[in-house]
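Asker: Sequential numbering from 1 applies to the sequence shown in full-length UniProt numbering. Ideal placement from N, C-alpha and C gives every residue a C-beta, glycine not left out. Structure in C-alpha cells, see below.
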Amino acid sequence: MIGKRMRHMSRYRNIAVALLRHGFEMVVEEIGFSQFLSFPQRLRVDKKEKDGKTIGERIRLVLEELGPTFVKLGQLASTRPDLIPEHIICELEKLQDQVPPFSFADVRRIIEEELGEELDHIFRSFEEAPLAAASIGQVHRAILHSGEKVAVKIQRPHIAAIMKTDLEILQDLAVLAERRLEWAAQYRLRDILDELSKSLRLELDYTVEARNAEKFSKQFQSDPTIYVPKVFWDYSTKKVLTMEYVEGIKLGELERLKQRGYNLKILAERLAKGMFQQIFMEGFFHGDPHPGNVLALPGDVIALIDFGMVGRITPEMKYYLSSFIIALMRQSTDGIMKAIGDMGLVPDGVNVSQLREDIEQLREKYYDIPLSQVSLGEAVQDLLHVAFRHSIRIPSDLTLLGKALLTVEGIVEKLDPDLSIIDMAEPFGRQLLKERMRPKNVAEMAWKRFSDYGELFVDLPKNIKELTKLMKQGRVRLEIGIPDLDFLLRKLDQISNRLSFSIVLLSFSIIMVGIIIGSSMGRQSTLLWKIPAIEIGFGVATMMFLWLLYSIFKSGRF
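Structure (C-alpha cells):
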C-alpha cells in the first residue's frame, strides 16, 4: 500500500487539496491526509469556499473537481438512498457528466486498434464531431458500407487506467476512514465503495452494454410499440460499441413532440406499460430511463437507448416486493416489517421498537388513500429511507428500481397528468399475484424451503460433532447480550441492599432483645462488671444501622 501511495502521490495531493478547498479540513486531518500537502499548499487553499454551502453541495463540488471516476461514483451513489442520506442524494443527482470531447485522432486510433482495420475500410462515412461526450466515452454518427446508419461509442483514452488508479486510492482512503472515523465505520464505507466500484467497472466494458441491449430486444420482439436498436457485433469490442442509429425526439422535449403530432397520452401509456413489463414479467429493467434515454419514433413508438445501467429482480425479490406492497395496502405493520426483513440485511443491533415506530408512520402515510393515488416509486423510496435510518442493507437492484420508477412516473406525469401509473401497473400486479399463487410456483417455493431445512437437518450431526470437539478443547465462547443490562444491575443492587438492611435489622433486634431479656430474668449485672454493655452495644449497633442506611440512600439504589 505504501508503494501505491508513492506512485500516486500527485493524485493523493489533488484529492487532499480538493477536500480542503471545499471545507473538509477535519476529514483531511482525521484520516492523516495532510501528510501529502506542503505547508504553503495548505495556506493557498481558500477556506471561504464552504461559506453558505451545504455539506451535500460541497461533496458534489469535490466530486466534479476530481473528474470522471468521482463523478460516476457520485452518480451511482445517487441511486442508493438506503446508504446515503437524502439531502446528499439530492445534490448527487445534480452531478453533470459533461466533459470536453477528445480528439478525432484518438478516435481513429482506438477504433483501428480495436477492430484491426483502417477506419475508411470499416465505415463509408464517419462524422468527426461527436454527438455527445461523457466521462467514459463519446458517441459519433457513421454509416457502414452496407448503408446502415450507426452510432459508434468510443471509450475515452486511458480512462480505464485512470479509473483503476482512482479506485485503488479510494479503497485505501476507505480503509483509513473506517479506522479513524466513527461515521465511516458505521456506514461501512468500504462495502459501499466495493459495490459502486463493481458497477463502474462493468460500465468500462461495452460488450456488457451490448448484451444488455440484446436482452431488451428479445423482451419486446413481439411488441411493435417498443423499439430497441440493433447491435453490430462485428464492429464492437470492450472499447468500441456500434449500434443502430435511431432518429427520434426525446420524451423531455414536449413542444417538439406536440409540433410533430405525437399523441402524448399514448406515449405515456406505452412507456409505463413497457417499464412494468420489464420489472414484473421479465425481471430485467432499464436502470436509467431518464428523458434523454427514451425517444419517440413515428407511430408513437417508444425507443430505448443507452443500456449501461440495468437492474435485475429475482423471483424471490419479486415475491418479497409484492409482499411489501400487499402489506402496505392492508395496513399491516407486521407484514411490512417481515417484508423488509426478507428483502434486506438487518443488523443485529437494530432498534426494533424504533423500527416499528417508523413503519407505523409509513403505514399511516398510506392509510385510507385510494390505490390510484399511490406512487409506486415513492413507496419504494419510503421503504429505502426507513432502511437507511436503521442501517438495513437493501439489494442494489431494488434501490435502482425505486429510482427508475420515480423517473418513469415523472415522465408520465408530464406527458399525461391524468394517467394513473398505478392503474397501468394493476394488470401486471394481478398477473404477479397469479404467478405467486399458481400451484406449481407454490410447490417450488415450498420445496425450496423444505430443501433448505433438509440440508440443515442433514448437516446437523456434522455440526454437533464439530461443536462437541470445540467444547472438549475449551474453545467455545458463550456471549449473552441483554439490552437492559444496566437496568437489571440496578434492580439487583436494590434487592441486595434491602436484603442486607433487613438482615442487619433482624440481627440487631434479636441480639438486643436477648440481652435485655437475659439481664432482666437473671437480675444480675452483665459479665463485664460495672460496664454498661447493653447501652454500649445498643449505641454501636445504632451507629452501624445509621451508617448502613446512609450508604444505601447515598447510592440512590434503595
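Let me confirm a value: Val352 is counted as buried when at least 16 other C-beta atoms fall within 10 Å, else exposed. Which label applies?
Answerer: Exposed.
Asker: For the beta strand (DSSP E) that Phe126 lies in, which residues bound it at each end?
Answerer: Unbroken beta strand (DSSP E) run through Phe126: 123–126.
Asker: Is the beta carbon of Met343 closer than 8 Å to that of Met317?
Answerer: Result yes, Cβ atoms of Met317 and Met343 sit closer than 8 Å.
Asker: Please determine if the region 213–225 and the region 190–198 are in contact, where contact requires at least 3 C-beta pairs separated by less than 8 Å.
Answerer: Contact between the region 213–225 and the region 190–198 is absent, because fewer than three Cβ pairs lie under 8 Å.
Asker: Just to confirm, are Ser323 and Ala303 a CB contact at a threshold of 8 Å?
Answerer: No, these two residues do not count as a Cβ contact at 8 Å.
Asker: Assign Ser78 to one of two classes, buried (16 or more other C-beta atoms within 10 Å of its C-beta) or exposed (fewer than that).
Answerer: When all chains shown are included, Ser78 counts as buried.
Asker: Could you tell me how far apart the beta carbons of Ile305 and Leu295 are, in whole angstroms, since I believe they sit closer than 8 Å?
Answerer: Contact holds; Cβ gap of about 7 Å.
Asker: Taking 7 Å as the limit between beta carbons, can you name the residues of its chain near Glu399, skipping five residues before and five after?
Answerer: Note on residue identity: the sequence assigns Thr, not Glu, to residue 399. Only Thr79, Arg80, Pro81, Asp82, Leu384 meet the Cβ criterion.
Asker: Using 8 Å as the cut-off, can you tell me whether the region 114–130 makes contact with the region 64–79, which would need three or more C-beta pairs spanning the two stretches below that distance?
Answerer: At 8 Å Cβ cutoff, the stretches do not touch.
Asker: Could you check whether the region 57–65 touches the region 85–96, counting it as contact only if at least three pairs of C-beta atoms, one from each stretch, sit closer than 8 Å?
Answerer: At 8 Å Cβ cutoff, the stretches touch.
Asker: From the DSSP secondary-structure annotation, give me the bridge partner or partners of Thr242.
Answerer: Beta-bridge pairing links Thr242 to Val152.
Asker: Going straight from the alpha carbon of Asp166 to that of Leu173, what length do you get?
Answerer: Going by the C-alpha atoms only, they are around 10 Å apart.
Asker: Could you give the first and the last residue of the continuous alpha helix (DSSP H) run that contains His22?
Answerer: From DSSP, His22 is part of no alpha helix (DSSP H); its letter is neither H nor E.
Asker: Within 10 angstroms of its Cβ, does Arg260 collect 16 or more other Cβ (buried), or is it exposed?
Answerer: That one is exposed.
Asker: Three or more C-beta pairs under 8 Å: does that hold for the region 175–184 against the region 132–141?
Answerer: The region 175–184 is not in contact with the region 132–141.
Asker: What residue does the alpha helix (DSSP H) around Gly341 start on, and which one ends it?
Answerer: Per DSSP, Gly341 belongs to the alpha helix (DSSP H) from 333–343.
Asker: Starting from the Cα of His390, find the closest Cα among Gln354, Val412, His8, Lys462 and give me that residue.
Answerer: His390 has its Cα closest to that of Gln354, out of Gln354, Val412, His8, Lys462.
Asker: So, using beta-carbon positions, are Gly283 and Ala404 closer together than 8 Å?
Answerer: No, the Cβ-Cβ distance between Gly283 and Ala404 is not below 8 Å.
Asker: Just reading off the alpha helix (DSSP H) that Gly274 is part of, what are its end residues?
Answerer: Per DSSP, Gly274 belongs to the alpha helix (DSSP H) from 264–276.
Asker: Please return the same chain residues whose Cβ sits closer than 6 Å to the Cβ of Asn293, not counting the five positions on each side in sequence.
Answerer: Taken in chain order, the residues that qualify are Ile305, Asp306.
Asker: According to DSSP, is Gly252 part of a helix, a strand, or is it coil?
Answerer: The answer is coil: DSSP assigns Gly252 none of H, G, I, E or B.
Asker: What are the boundary residues of the alpha helix (DSSP H) that Phe216 is part of?
Answerer: Run containing Phe216: 206–219, per the alpha helix (DSSP H) assignment.
Asker: Going straight from the alpha carbon of Ile59 to that of Ile394, what length do you get?
Answerer: Distance between the alpha carbons of Ile59 and Ile394 is about 24 Å.
Asker: If we count the other Cβ atoms within 10 Å of its Cβ and call it buried at 16 or more, is Thr468 buried or exposed?
Answerer: By the neighbour-count rule (16 or more Cβ atoms within 10 Å), Thr468 is not buried but exposed.
Asker: By the 10 Å Cβ neighbour count, where 16 or more other Cβ atoms means buried, how is Leu470 classified, buried or exposed?
Answerer: With fewer than 16 other Cβ atoms within 10 Å, it is exposed.
Asker: Give every residue of the same chain whose Cβ lies closer than 7 Å to the Cβ of Ala268, excluding the five residues on either side of it in the sequence, and list them in chain order.
Answerer: These residues qualify, in order along the chain: Val412, Leu415, Asp416, Leu419.
Asker: Is Arg109 near Glu127, with beta carbons less than 8 Å apart?
Answerer: Contact: no.
Asker: From Ile159, His145, Asp382, Gln75, pick the residue whose C-alpha is nearest to that of Lys365; which is it?
Answerer: When each option's Cα is compared against that of Lys365, the closest is Asp382.
Asker: By Cβ distance, which residues of its chain are closer than 8 Å to Tyr262, with the 5 residues on each side in sequence left out?
Answerer: Excluding sequence neighbours, Tyr262 sits near Ile249, Ala296, Asp300.
Asker: Exposed or buried, what is Ile464 when buried is set at 16 or more other beta-carbons lying within 10 Å of its beta-carbon?
Answerer: Exposed, since its Cβ has fewer than 16 Cβ neighbours within 10 Å.
Asker: Report the residue from Lys434, Gln431, Met337, Leu76 whose alpha carbon sits nearest the alpha carbon of Lys387.
Answerer: Residue identity differs from the one stated: residue 387 is Ala in this sequence, not Lys. Here the closest residue by C-alpha is Met337.
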